[in-house]
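In the numbering used here, the protein residues as written are -5 to 325.
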Ligand SMILES: [Zn+2]
């Protein structure tokens, strides 16, 4: 009998129930004689040259709350398709893409790594140009320790996500992505490249503008600390670093949502004795609260994309926001 992580069953059931959801298998993994698909699913415009928002989860299998937050958004959108005329209009303006389970075997096993013990977020073909954080930064010494980069090149999950983002970029006027993780710190963070250097990302001015608009528009939902990931810790092989480095004319704003799980542990110290408990809220009320906590941010990203605010920034505004970002984050 095939054993699948419950989140993959949820995704498959949604695809079966909603023909409007255009799903594809990006890659098929084999593990212990079973097959596990990495699935993408899309809603909204199929026309090239429209903005695209991509929601990613489950890069680290143990951080299943990331997958669950993304699936909760997808379920909500699908439930509203029939009656929500605002959503119907939104979907004519943008494409919304989902890869909720990048690492299905990690989800199955409750591990950070994939079936080959590789940490996918250390596995992209890119080396940090600054000194990385010890161990956490990625290592090729042994798969027995976490943050293993692998020695056999790019894993199929990593390759699948990279090619999918590039495909989206080739069919879009801009791509904003949100990759949901958990496990760091007391509060929620939004990180963006680079993880492997202190250089500013090409879309820094746009990202800063996005942050400013979010802060001004939703001041009571602004529980996020925005920063380049290199200010927190430095790693090799970050997938978003790799994509951000590539020459591509389509703007990419790659955001990582890092949900602060230490707060859940602090409130429920028994979680310390359960590995998954370090990364996921264990109490029902906290779990539900986490599932709804990021709705405003995710809706904001879709509305922002549909309004083409980022694409239509004037040269003067871009220069001003870039300078402000340099001042705040790179001084
Ligand atoms: Zn993670």
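The beta carbon of each residue, even a glycine, is placed where N, CA and C say it ideally should be. Predicted, not measured: the structure shown is a model, and the values here were computed from it.
TODO: Determine the DSSP secondary structure at residue 16, reduced to helix, strand or coil.
DONE: In the chain shown, counting from the first residue as 1, residue 16 sits at position 22. In the structure shown, residue 16 adopts extended strand secondary structure according to DSSP, grouped into three states.
Open item on the list: Taking 7 Å as the cut-off, is the C-beta of residue 159 nearer than that to any heavy atom in ligand 1?
Closed with: Within the chain shown, residue 159 is the residue found at index 165, counting from 1. Outside the cutoff, so no.
- [ ] Compute the distance between the beta-carbons of residue 298 and residue 207, then report whether it is under 8 Å.
- [x] Within the chain shown, numbered from 1, the residue matching residue 298 stands at position 304. Within the chain shown, numbered from 1, the residue matching residue 207 stands at position 213. Between residue 298 and residue 207, the CB-CB gap stays under 8 Å.
Task: Alpha-carbon to alpha-carbon, residue 271 and residue 212 - done: Counting from 1 along the chain shown, the entry for residue 212 is found at position 218. Counting from 1 along the chain shown, the entry for residue 271 is found at position 277. Residue 212 and residue 271: Cα-Cα distance of roughly 30 Å.
Open item on the list: Which of the three DSSP states is assigned to residue 144 in this structure?
Closed with: Indexing the chain shown from 1 puts residue 144 at position 150. Here residue 144 sits in coil by DSSP.
Task: residue 244 vs residue 168 beta-carbon contact at 8 Å - done: What you label residue 244 is simply residue 250 of the chain shown in a count that begins at 1. What you label residue 168 is simply residue 174 of the chain shown in a count that begins at 1. Yes, Cβ-Cβ distance for residue 244 and residue 168 is below 8 Å.
Task: Top-ranked residue by Cα proximity to residue 305, from 127, 69, 14 and 246 - done: Counting from 1 along the chain shown, the entry for residue 305 is found at position 311. Among 127, 69, 14 and 246, the Cα nearest to that of residue 305 belongs to 246.
Open item on the list: Using 8 Å for Cβ pairs, my map puts residue 114 next to residue 61. What's the rounded Cβ distance?
Closed with: Translated into positions along the chain shown, residue 114 becomes position 120. Translated into positions along the chain shown, residue 61 becomes position 67. Contact flag wrong, Cβ pair sits at about 13 Å.
- [ ] With hydrogens ignored, establish whether the beta-carbon of residue 147 is closer than 7 Å to any heavy atom of ligand 1.
- [x] What you label residue 147 is simply residue 153 of the chain shown in a count that begins at 1. Not a single heavy atom of ligand 1 lies less than 7 Å from the C-beta of residue 147.
- [ ] Please confirm if the stretch 130 to 146 is in contact with the stretch 170 to 181, defined as three or more CB-CB distances below 8 Å between the two stretches.
- [x] The stretch 130 to 146 makes no contact with the stretch 170 to 181: fewer than 3 CB pairs, one atom from each, lie closer than 8 Å.
Task: Classification of residue 120 by the beta-carbon crowding that lies within 10 angstroms, buried from 16 upward - done: Here the question's residue 120 lines up with position 126 in the chain shown. Per the 10 Å Cβ criterion, buried.
Open item on the list: Suppose only complete runs of 3+ residues qualify. What are the beta strand (DSSP E) ranges in the stretch 229 to 313, listed by chain order?
Closed with: Taken in chain order, the unbroken stretches of beta strand (DSSP E) that lie wholly in the stretch 229 to 313 and span 3 residues or more are 246 to 253.
Open item on the list: Is it buried or exposed, residue 40, if we count other Cβ atoms within 10 angstroms and call 16 or more buried?
Closed with: Within the chain shown, numbered from 1, the residue matching residue 40 stands at position 46. Exposed, by the Cβ-count rule.
Task: Inter-residue CB distance, residue 89 and residue 46 (contact presumed, cutoff 8 Å) - done: Indexing the chain shown from 1 puts residue 89 at position 95. Indexing the chain shown from 1 puts residue 46 at position 52. Contact between residue 89 and residue 46 holds: their C-beta atoms lie close to 4 Å from each other, under 8 Å.
Task: Secondary structure, alpha helix (DSSP H): runs of 4+ residues fully inside the stretch 133 to 185 - done: The alpha helix (DSSP H) runs of length 4 or more contained entirely in the stretch 133 to 185 are, from start to end of the chain, 150 to 164.
Open item on the list: Shorter than 7 Å, the distance from the beta carbon of residue 175 to the closest heavy atom of ligand 1, or not?
Closed with: As a working note, residue 175 is residue 181 in the chain shown. At least one heavy atom of ligand 1 is nearer than 7 Å to the Cβ of residue 175, so yes.
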